[in-house]
Amino acid sequence: MKIRAVILAGGEGSRLGVLTAKRAKPAVPFAGKYRIIDFPLSNCVNSGIFDLMVLAQYRPQSLIEHIGSGAPWDLNRDFTGGIKILTPYKARNDSDWFAGTADAVQQNFSFIKRDLPDLVLILAGDHIYTMDYDPMISFHLDQQADLTMGTINVPIEQASRFGILATDKKYRVTSFLEKPENPPSTLANMGVYLFNREVLDKFLWEDRLDPDSSHDFGKNIIPNLLRSDARLFAFPYTGYWMDVGTAQSYWQAHMDMLSPTPKLKLYNRSWIIHTRTEERAPARLPATAHVYASMVCDGCYIGADARVESSVLSPGVVIRPGAVVRESIILTDSVIESGAVIERAIIDRRCHIGENARVGWGVADANIRLALVGKNCTVPAGYVVEPEAQIGTDVIEADFEESVVRAGQYIQTRRQANEV
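Read in order, the letters of the sequence shown are residues 529 to 948 in this note's numbering.
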């Protein structure tokens, strides 16, 4: 049985705001040392799947650099399996930017079906979860399915964000609604699809010839399979799963990881999340630093009387004496100066938060949203960035018109503002 995995990693990720201004969504850092795409990649190799293709499109360079030859995942194989990264290309007739998830697979299907894999496992590149695909594969074969979809129960208030299914007692799919306004149930599509190759080939080709199609798996391919009376089955998944397509869900996945009884477990030695990392010295914490319920990566320094609570510090982060960081995510090599307060915020790489500045607030208030600071930014000493405000990439002191950035404001460089 030959299985090829295809990871969809081409989305722009605009709902992640400044975090995807300079990188692909699956390349966004997660949990300090990882990238989001490390989770589907590691799930594949931990499940014994070593034949992978990654379909990239938006700002693919960060993704290409991170994955490289695939060595951290044991995917640097030349003849049997391995990993290939495919990007859109302009040909004379039939290639262009991907119009949808199904179109991304269709445009690359000549590569995907090479060597005739029996099954094609299609995965989203922007989900955080640890899943063994082997039971799903066995279920698919036992049911003689044309398509098996990974499914999970979600809170009813979130169900309208997902494709919602109904099944019979044998898990055969009887109905499917893509992002319904009034969801009839909470059984959601995870974006984990296991297809028989020939079935996938047939329905992708039919979809490509339909001028009215959005060329999307949820909107078009799955409904077409249902109408054709194909054998669609739902495989129930009960572990942790989070679609980190928004800044709020990205932040929430980190908080879930830091809770006293973490829903997301990264310390299972039988299910390692592999990644590409650089060597750094161990973190340094003076005796008078106060760190609670947090994750602190190599190369970090936390100064005397600084406080870090329920936060994630990526490699090389510096928290100066007396600074406070609560319920926040600080990415690589950022510096928080003395007296600064960071609460319920996401600070991207290589940022500098000046003395006595404040970014975000609202710990213990579930209604307070996040403050976001983009890559390579400076927030000057004493300035305030309110919740729901965003600082774009490469912003310096001269780009601020006032010392307070209000909720809903987006600050960008003068050059970027002039280009709009």
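The beta-carbon is built from N, C-alpha and C at its ideal position, and this holds for glycine as well.
Only a predicted model underlies this, so the values are computations on that prediction, with no experimental measurement involved.
Residue environment, His-594, which counts as buried when at least 16 other CB atoms sit within 10 Å: Indexing the sequence shown from 1 puts residue 594 at position 66. Answer is buried; the Cβ neighbour count reaches 16.
Out of curiosity, what's the CA-to-CA distance linking Glu-837 and Leu-544? As a working mapping, residue 837 is identified with position 309 in the sequence shown. As a working mapping, residue 544 is identified with position 16 in the sequence shown. If you draw a straight line from the Cα of Glu-837 to the Cα of Leu-544, it is about 23 Å long.
Let me make sure I understand the geometry here. Which of Leu-786, Gly-538, Ile-881 and Glu-925 has the alpha-carbon closest to that of Val-556? Numbered from 1 along the sequence shown, position 28 holds the residue referred to as residue 556. That would be Gly-538, whose Cα lies nearest to the Cα of Val-556.
Starting from Ala-716, follow the beta strand (DSSP E) in both directions and report where the run begins and ends. In the sequence shown, residue 716 corresponds to position 188, counting from 1. Its beta strand (DSSP E) spans residues 715-724.
N-terminal and C-terminal residue of the beta strand (DSSP E) that Trp-769 is part of: Numbered from its first residue, the sequence shown carries residue 769 at position 241. Segment 769-771, the beta strand (DSSP E) holding Trp-769.
Within the region 538-600, ranges of the alpha helix (DSSP H) (whole runs, at least 4 residues): Listed in chain order, they are 566-574 and 589-595.
Does the Cβ-Cβ distance between Leu-722 and Val-648 come in under 9 Å? As a first step, residue 722 is located in the sequence shown; it is residue number 194 there, counting from the start. As a first step, residue 648 is located in the sequence shown; it is residue number 120 there, counting from the start. When the beta-carbon positions are compared, Leu-722 and Val-648 come within less than 9 Å of each other.
How far does the alpha helix (DSSP H) with Ser-777 in it reach, from first residue to last? Counting from one through the sequence shown, the residue named residue 777 turns up at place 249. Bounds of the alpha helix (DSSP H) holding Ser-777 are 775-786.
Going by alpha carbons, who is nearest to Pro-708 out of Tyr-829, Gly-920 and Ala-687? Against the sequence shown, residue 708 aligns to sequence position 180. The option with the nearest alpha carbon to Pro-708 is Ala-687.
Would you mind giving the Cβ-Cβ distance between Asn-752 and Asp-729, rounded to the nearest angstrom? I have them listed as a contact below 8 Å. Start at 1 with the first residue of the sequence shown, and residue 752 comes out as number 224. Start at 1 with the first residue of the sequence shown, and residue 729 comes out as number 201. About 14 Å; that fails the 8 Å criterion.
Run through the DSSP bridge pairs and tell me what Arg-700 is partnered with. Numbered from its first residue, the sequence shown carries residue 700 at position 172. Its beta-bridge partners are Phe-761.
For Gln-940, the three-state DSSP class (helix, strand or coil): Translated into the one-based positions of the sequence shown, residue 940 becomes position 412. In the structure shown, Gln-940 sits in coil (DSSP, three-state: anything other than H, G, I, E or B).
Quick one: what's Lys-612 bridged to in DSSP? The residue given as residue 612 occupies position 84 in the sequence shown. According to DSSP, which records beta bridges pairwise, Lys-612 is partnered with Met-581.
Report all residues from its chain with a CB closer than 7 Å to the CB of Gly-867; omit the five preceding and five following residues, and keep chain order. Translated into the one-based positions of the sequence shown, residue 867 becomes position 339. Here the set comprises Gly-850, Ala-851, Glu-883 and Asn-884.
By Cβ distance below 6 Å, which residues in the same chain neighbour Tyr-829 in space, the five residues on each side in sequence not counted? Start at 1 with the first residue of the sequence shown, and residue 829 comes out as number 301. These residues qualify, in order along the chain: Arg-812 and Val-846.
In the DSSP assignment, the beta strand (DSSP E) including Arg-835 goes from what residue to what residue? Mapped onto the sequence shown, residue 835 falls at position 307. Unbroken beta strand (DSSP E) run through Arg-835: 835-837.
Is Val-534 helix, strand or coil by DSSP? As a first step, residue 534 must be located in the sequence shown, where it is residue number 6. In the displayed model, Val-534 falls within a strand according to three-state DSSP.
The region 566-574 in contact with the region 790-808 per 3-pair CB rule at 8 Å: By the criterion of at least three beta-carbon pairs nearer than 8 Å, the region 566-574 is in contact with the region 790-808.
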